[in-house]
Ligand SMILES: Cc1ncc(COP(=O)(O)O)c(C=O)c1O
Ligand SMILES: Cc1ncc(COP(=O)(O)O)c(C=O)c1O
C-alpha cells in the first residue's frame, strides 16, 4: 500500500465482497484484453519521502538560480522579492487545495479574493472589467486577439515588434486556427512607429506593449488614435509594476490591457506557474474569457460572491463559448492581490520609483563604459538594452565567471539588462566594473 | 509608522483627544524624569523586509549546516528527516500563534493534540502519565530530580556518567537551589556499574540514560532493583527513537522517564527549540511539572479536553507549586505527535531497525581500520564512540576537508559517531575511507 | 427563532467586520511595505520619465498594515472548504490528496528562483527534470513524444487540435469537422470552435458507450479528429475502443484522448495502445498538483510518431552521453530544441508551468510503477465500493445509477426519481451536503443524464469516509422524505446561504467602486 | 429548539467523525511512513541487540495514511482560535502580530539544520547572531551582560534567583528570603520556592503601587532579592521605582526585573537605569516569537557588572578583529566561553532556543531603534485609548478600572459591580466574548483585584479593532441586563461549550486507553 492510500487487506476483502466481485481485476472487465498492458510500466520503483526529497534537491542544485548569482535577467519575468506573507497565505490548505469555486457557499474566501484582485487590476489598467486570470502573459495577448476577432470579425492583427516575442509567437500559433494574419511592425529608435503601415478596414486589432520588450515607455496616445481611426481595437500588454508609475493604458483609450503577473508576488519557477491578467472596457465584457467573480447577496441578504457571466464559458455555452479556458491560475492571482495589498497605494509608487532611479543609475554606469552603448534613449522604468562593441561572448563569460549574469542576450551584440529591487547599487557597480574589465 | 502598527496621523490625533491628553509623552507621566532614556537606543535604524531577509540569509550562509556537509554529529540531537507534513501542520496559524489554552472552548485543537501526544509518550516510555512537555532533555532530567526531592525529601542524586553531560551539569546547577549533592558514577566498559557505590537512605534518585551517552544500551533491571532496594526513585533519560526497538523503561520499573524530543520531527536549530518529554508512574502524578491535558465533557455531553490537575501549577498554587514552569514547548511537542503518527506503529520499528543495521555496518567498517578501535562493545542503536590511534587533529581535519564531519569529539582521542536515516551506506563508506586515508 | 439560535453566532471565528474587503480596510497612510533604501544618486523624475507618461494619481490600492493583511486573508481562507478539511468527491476533477512534500521541493531555491531565460548549461537540473517527466508521461500514455508546454487541460486540447490541423495541412488536406460525444466536457466543443473547426456531436448508446453506428455515419473524410474521453465522463470504459479507433483512422482522422480521466487506467492500459494519436494529461488531476481554487495546472500532451514533427517549440531534448534511457546518464546533457521546421510554434511564454512539473515528477518518483498502478486500482475499487454502499443504503432507489455497470474511477447517478418522488432536486441535495462537512459531487454534468450527480471518490480516501458518505446521503434522503423544505432551503451552516446568481449576472458588479 | 436550529450544523466544516483521535483512526496495516531502502548487509537483530533488551511488542502508535494525518490535524487546527484570526487582548501575554518573515528566515537551512555541537569556526553566523542579539538586549535593558540560555520567562527567573544566590554566597552571605509584591505573576513565588528561598509578600497601596512602608518594614539583611514587574501586572508604572531600588540595595539585596511587561517601555526607560540588577526578557512576548499554543519561547537574562561573573556557561563572546561594537567587524570572530570559574553553570542543553533568537533578532533588525520605541508608544496609546473608549461606552460603570490612572500597555478592570448588578461573573463575560470572534482578556489575575479582567491590546491592533471591542463589551452588558442567562450559558458558537474541569481533575483521564 502506498503512503497515500489506505486499503488494508481486511478492507480489500470486505470491499470486494460488498461490490460482489472476486478480484480487483474483475473491475476492469470492460478493458479489452488486446489493449491491456501486460507488463509493469517501465518506470522506477517508488521511493521514500526522504529519498525523493534528496533527488529533487540534487536536481535543484544543478541549476544556477537567482540565489546563486547576481542576475540581471528579466525580459518578461523578474527576480522580485516575494514577501513572506504571500507564501504563508497561499500555502494555506483552504486556498491551495480547493477546486474552482463551483459551490459558492463554501468558496467565499476564494471568490472574494478574486473580486478584490479584479478591483486592483482594474485600478492598475484603468479599465472597468478584469477577469480572474488567464494562463500567463503571452497567451493573454493571444486571448485578447481572439476576443478582438469575435468582436469585429476582421482578419488581420498589426503587432508592434515591441511586444514580447513569446507573445507574438503564441498569437501566431493560435491565429492559424482563426485563419488570420499577424503583421509585425518594427521599432524605430526603440519605439513603435506606424508610419509606413496602413491600418485598413481589415485590421482587427493593433497590439502594443508598455513598456515594450526593449524597456522603452511608449507614447500610446497617437498609436491608439491611429488604430481607432481605422476602427480597430487596441490591445496593450503592460508590466504591472511599471503601471505603478505610468499612465494607465485604459485612461489612454486602450480597449484591452493584458500582461504577465509573475512580478506581482509570484516566483520565477523557471517560467511558470504565474498568471496573465486581462482587463477590458464595458463594451467587451460579455466576450471576456475565463472566470469572473461578481458580487451579490444570499437569501438572508448577506453580501456574497459568485462566478458570474458564465454564459460566456465553455461549461455552459460549449462550442459557443468565448474561450475554452477552464482551469486558470487562481492561486497565482491570489498571490497577486496579496502582494498588491502589501505594496499598497504608496508602496506601489515607491517601488516603481526605486526601480526607475536604480535603472537610470545602471544605464548611466554602463553607457559610460567604452565599448558599451545604449541601444535606444527612450525613457525606461526597469529594463534597457545595451550594445557591446568587442568580444561579446568573452564579455559575458567574464561576467559569469565573476558570479554575474549580465542580462538576456537579444541579439549578437545586445543584452537586455533588468533591474529589480533585489539588485543593489553595489550589484550594479559590480556589473559595470566587470564588463569594463572584460572589454579593456 | 512601522509596517506592524497602524496609527495614522488622523488616528493619533483622535485617539489622544479621546483619551484626553495632548501628546503620547503625557501617557508616560509616571516615568520619573531621572530614569528616562533621553537619547535613542544605540541600535541601527529599521530595515525593509527584503533587507532583513538578505541579512539573515548572509548569517545563515556563514554556518556549515548538515545540508552543507556529511555530518555524523549526534550526542543528543540528530539530523533526522522532518517530513513535510510536520512543517505544513505546525506552521498553520491556528497552531503557531495561540497562547497556552486558557480558554478550552476555543483551544480544542491544541488540547486534543496534547492528549494524543501524552498517549504516544506513555506508549513509548511504558508509563501511564505524560505531561504536555518541558523545555528540553537536560532540563527534563533536572525537573525529574526536583520531583524526586519533593517526593522523598532525600538529599543526594546518584547519576550515571552515561547521562548526557549537559543534563548532569543542568541538574547540578539547579540542585544548588535545593542544597543537594550530585554524585556521578563512572561507566565501566561503556555501561553503568554500581559496584563500589553504596546506595544509602539518603539517595533520592538514581539517574540513568538509555541508550547512554556513549550509545550503549544499558541493562536496566539490576540497576532499577538496586535503587528500589534503597528506597530511591529511578529516573531514566531515553532516546525516543531507540525506544521504538528497546524495552520500555517503564516496563522495567523505572519511575520517571524523560528525554530529548528533537529527533521526533523537530529541526536541529543549533540546539533549540525542541522539547523534553516527561512521564511518570501513577504514584507521582500530582507532582508532575507543567501542563497536562485531560479528557472531559461539555454541557451538552460532547467530548472535550482541558488543562487538568492545575493545582500543581504556579498560576494556582504559586509558592506551593511543584514547578515554576509556565510557557513550555507545545508547538515542538505537536511536531512530535504528528511525526509519531507519520512513523506509525510499524514505521517506528522499521526506522529503528534501519538505524541499528546501518550503525552496525558503520561500526564494523570503522573497527576494521588500523588505527581505529571501538571504545566499547556494548550493543548500540544509532551511535557509538571510536578511539583513534594516531594524529586525531589531522584525521578530523582531513575529514572536514573532504566535506565530512566525522562526529563529536568526546575526548582527546575519541569521537562519538551518530548515524541517522539521512546517512546512507555511501556516506558511511566515505567516512571510513577518508579516516583510513588520513591514518595511513 | 428560539433564543438558542439568537444566542448562537454562526461560528466562533465569525466577527462583526466579516463583510469588509481589503479595500474597505484601507486607511490613508497605513502600509505593510517598506522600500529598500535608495542607494543611488536621486535624479528628478521628470528627467527620467516625462510627466505626460506618468499617472496623475497613484492607483488606489489598499493602505493596510501587515497584521491586517494576514488576518484578512486568513479569515477569508476560513470561508473556503478544502480538500484537507473533508471529503471532496467532485466528479471529473480527481480531488486526490496533495502530498505536502511537493510544496517543499517546489519551493527549493534551485527550482523556485530559476529564471526561465537562464542559459541551458545553468539549468541542467530543470531540463533533466522536464525530460524525465516527459519520459514518464510517454511511458504511461504509450505515446512517446511529449510536450509539457500547455498550461491546463483545455490548453492541451487546443494544442492537440492545432496539431491535428497542422498534420492534415502538411498532407495537403483541408478538413473542417471535429467529432465529440454528447457526453464530452465543455472544453472539448469550445476548443473545436476556437481552433476553427465545426463541431459534430456523436450520440451515446443505451449502455453509455459511444453510439458506433452514429460514429460510423458521421465519420467522413472531412472529419479531422474525434475527441474522446476514456473512461468517459460517465465513468465508463469504452469496450469498443479498438473499433472506434479503426473507424476514425479509416477516414484518415486523428483520435484525441482527453486525459482528465487517466486516473482510472494508469499502468493498466494506455491510450497509445488503444490507437489514440494525441493525449493531454491534467497534472492537476491524475498527478496531484493542488487545484489552487482554479489553477495553476498543466496540460502536457503526448503524441504518436506521425504527429511528432508538429509539436510545439521549444522541445526539451536529451543529448545522450551514454547513459541509457531513464538512467542517470553520467554525461548526458539537456537542451531546448527550437529547430522544428514543422512545429505549430509556441503556445505560451517560456517552457511551461515548471513548478507544476516539479510536483508531478516528485509524485511519480514517490509512487513508481507499482504505485501508479495501485492508484488506478484503488480509485476504481473505491468508486465501485461507494456505488455498492449507496445501493446497500438504498440511496439508488431515489438516485439510480445512470448505467447499470461496473464503473471505473467515478460514476453517475440520476436525481430524476428523487426530484419526482421527494420533491428535491440534485442541487438541493448538493447544498444540503454542504451542511455536513462534505463537498458535493459534480452536478448537472454530464448533460445527457437528467439531474446528474457525478461522484469521484479518488484513491486517497479511506473506506470509513466512503461509508460515512453513503450513510449521510441516506440520512438526507430520509430527511427530505419527512420535510423537503429543509434541503430546499439548504445550506444553513455555511458562511453565506444560497446566493442570487441570476441577479449577479443581470447587474454584474465585478469590481468594487472606490 | 426550532427547526432552523435543527437544520443548522454548528459549522460547515464540522463532520460526523470530529470526536475521533488519531488513535481512533488507526487501522492495522495503514502507513504514512515508507522506510529508506536498507542499503547495508542485514544482520540478525539478536546479534546486534539481544532480545531481552528489546520490546516484546511495538509501541501502539497510530497506523494511518498521510492524507488522514493531514486532514486530522488540519481539522483539529480549526478548533483553535488564534492571533491571525482575531483580536487576542490576553493581558500580560503581549499577543502582538507575528511577522511571517520570521518563519521564513528561521527555516533557512543554514539556521535550521545547524547542529548545536558544530565546531565554532563552522557556526560563526549563528554565534554572531546570538552576540548581536545579546548586544541589542543589553542596550534595551541598560544591563550590558546577557545570557540567552533560559528557555522561557520562568526559566529566566530561576536563573536570576540562582545568580542572586551565587552572588551572595560569593560574598560569604547566606540570605534566606525573597520579596515579591502580591500582584506578582505565579511564576515569581514558584521560582522563589524552587530556588530554595522563603517567600515574603509585599502589599500594594491604594494607587496600585508597591506599598513602600511594607517594603521598608520587610527589607532586612536576610533578604536576598526583590522580584518586581514594572510596569506591574496591574499595567501601572511604579513612580517610586528609584526609592524602591534604594531601599533594596541599602540592605544588600538584589533587584530583579520580571520583563514580561517590557513591551511598555522599550526605548523610553531601562531597567538598568532604574537600578535593577537582573532582568529577564520574554522573547515570545515583547519580541514576537509566536506562542505556539504554549511555547516555545525564550527568557534571556541581562545583568549588571556585579552579577556578570556568575552568568551561566557557556557565554557567546566576540573576539574583536577591529570592527567597532555593533558594526560588521571585518575580522571579528565569535566563540563559546566556558572558562567562567564563578558561573552558576548550565541551565539547559546546548546554547538555548536559537530558532527563537533568529526570529527576535530579525524583529529588532526590522524595527530598529525608532521602531522599538514606537512599539511601546503605540502599545501604551492603544491601551489608554481602549480604556477611554470603554468609558465612553459606559462599560466602566459595571467594570470599573481597578485604579483610576493612565495605564501603560495594559489595564485591569474589576467585574465586581457587574457581578453584583447584572448577575454575571467575569468568567461569563469572557465566555460570551468567545461567541463573537474575540479572545477574552486574562481573567482573575492579578489576584488582588476582585473579578479581575486584564486587557492588553498590543501595538499591532488597529483602532477599528479597539472600537469594535468596546462596542461589543457594551452589547454584552446590555444583553446581560436583559437576560443574564445568555452570558451564563455561553459560549454557544464554539466547537464545544463549557467543559467540566472539576470532573477532569477529580478523575483525570490523561491518555487514551488503547
Ligand atoms: C473531462 C474533462 N476534460 C477537460 C477538462 C479541462 O481541463 P482543465 O480544467 O485543466 O482545462 C476537464 C476539467 O474539469 C475535464 O473534467
Ligand atoms: C508577568 C509575568 N511574569 C512571568 C511570566 C512567565 O513567563 P513564561 O511563560 O515565559 O515562563 C509571565 C507569563 O505569562 C508573566 O505574564
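Chains as they are written, first to last, in this note's numbering: chain A, 1 to 440; chain B, 1001 to 1440; chain C, 2001 to 2514; chain D, 3001 to 3514. For every residue, glycine included, the Cβ atom is placed at its ideal position computed from N, Cα and C. Because the structure is a prediction, the values reported are computed rather than measured.
Within the stretch 3040-3071 of chain D, the residues whose Cβ lies closer than 7 Å to some Cβ of chain A are 3065, 3066, 3067, 3068, listed in chain order.
Residue 3238/D has its alpha-carbon roughly 11 Å from the corresponding atom of residue 3245/D.
For residue 1180/B, no alpha helix (DSSP H) run applies, since DSSP gives it neither H nor E. Screening all residues for a C-beta within a distance smaller than 6 Å of any heavy atom in ligand 1 leaves 326/A, 327/A, 2092/C, 2093/C, 2152/C, 2153/C, 2154/C, 2185/C, 2187/C, 2229/C, 2233/C, 2258/C, 2260/C, 2282/C, 2297/C, 2299/C, in chain order.
Neighbours of residue 292/A in chain C, taken as residues at a C-beta separation under 8 Å, are given in chain order as 2508, 2510. With a cutoff of 8 Å, residue 3157/D counts as near ligand 2, since its C-beta is closer than that to a heavy atom of the ligand. For residue 3011/D, the closest Cβ of chain C is nearer than 9 Å.
Not a single CB atom of chain C sits nearer than 9 Å to the CB of residue 255/A. Here the C-alpha atom of residue 3248/D lies approximately 19 Å from the C-alpha atom of residue 3142/D. Under the Cβ distance rule, residue 1083/B counts among the residues neighbouring chain C, one pair being separated by less than 9 Å. Within the model, the alpha-carbon separation for residue 3205/D versus residue 3423/D is close to 29 Å. Note that the C-beta distance between residue 2162/C and residue 177/A is below 9 Å. Secondary structure of residue 1117/B (DSSP, three-state): helix. For residue 1049/B, the chain A residues whose C-beta falls within less than 8 Å of its own C-beta are 81, 83, 84, listed in chain order. For residue 1004/B, the residues of chain C that pass the 8 Å Cβ criterion are 2065, 2066, 2067, in the order they occur in the chain. Contact check for residue 3302/D against residue 3279/D passes: the beta carbons are separated by less than 9 Å. Residue 2078/C sits in coil when the DSSP states are folded into three classes, being neither helix nor strand. Interface criterion not met: the Cβ of residue 399/A is under 9 Å from no Cβ in chain C.
Within chain D, not a single residue places a beta-carbon under 9 Å from that of residue 1376/B; the smallest gap is close to 14 Å.
Under the Cβ distance rule, residue 2077/C counts among the residues neighbouring chain A, one pair being separated by less than 9 Å. Distances taken from the Cβ of residue 315/A to the heavy atoms of ligand 2 include none shorter than 8 Å. Annotated as proximal: residue 2382/C and residue 2458/C, with beta-carbon spacing under 9 Å.
Put simply, the stretch 1184-1203 of chain B does not touch the stretch 1239-1250 of chain B. Fewer than three CB pairs are less than 8 Å apart. Beyond the five residues adjoining it in sequence on each side, residue 3348/D comes within less than 7 Å, by CB distance, of 3149, 3151 in the same chain, given in chain order. Taking the beta carbon of residue 3195/D as reference, the chain B residues within 8 Å of it are 1177, listed in sequence order. Contact between residue 3321/D and residue 3331/D holds: their C-beta atoms lie close to 3 Å from each other, under 8 Å. Within the stretch 1098-1115 of chain B, contact with chain D at the beta-carbon level (separation under 9 Å) is assigned to 1098, 1099, 1100, 1101, 1102, 1103, 1104, 1105, 1106, 1107, 1108, 1109, 1110, 1111, 1112, 1113, 1114, 1115. Looking at 2503/C, 2054/C, 2131/C, the one whose alpha-carbon comes closest to that of residue 307/A is 2503/C. Minimum Cα-Cα distance from residue 203/A among the listed residues 416/A, 19/A, 263/A, 151/A corresponds to 151/A.
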